[in-house]
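Chemist: Residue numbers for the sequence shown follow our numbering, so the first one is 7 and each next one is one higher.
Please read through the structure below; I'll follow up with questions.
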Amino acid sequence: MRPLRRNRTSQFSPAEGGLLCQHHKRGMQISPEAVELLQKILGGELAAALNAPESQTTKEIDAIASMAIEYFLERKSNQRKILRT
């Protein structure tokens, strides 16, 4: 596993475990600014992130959150279907 490099585009894929380095071509491409804001959110600075003005970066974070929620809800739904059979 390689560490993420600053100032480089990364990828995001819930199916692959979340944030991926720029060498992975799966998932949604996200900017270094979105990675930085995501680190703030996950690092306990949610209030600061929520107060950030709307920008391309906040739109990327919104898309990442939606993608992750949809993935995990679909996965949970599929698990329930399997358990019922």
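We put the CB at the ideal spot given by N, CA and C, even for glycine.
Bear in mind the structure is a predicted one, so any value in this text is a computation, not a measurement.
On the three-pair Cβ rule with 8 Å, is the region 32 to 44 touching the region 60 to 73?
Modeler: Flag = yes, the region 32 to 44 and the region 60 to 73 touch.
Chemist: Per DSSP, what kind of secondary structure is S19 in: helix, strand or coil?
Modeler: S19 falls in the strand class under three-state DSSP.
Chemist: Kindly list the residues whose CB is nearer than 8 Å to the CB of A69, restricted to its own chain and excluding five residues on each side of it in sequence; keep chain order.
Modeler: So the qualifying residues of the chain are M34.
Chemist: Quick one: residues in its chain with C-beta nearer than 6 Å to the C-beta of P59, no 5 flanking neighbours on either side, listed in chain order?
Modeler: No residues qualify anywhere along the chain.
Chemist: Roughly how many angstroms separate the alpha carbons of I36 and Q17, rounded to a whole number?
Modeler: Roughly 6 Å separates the two Cα atoms.
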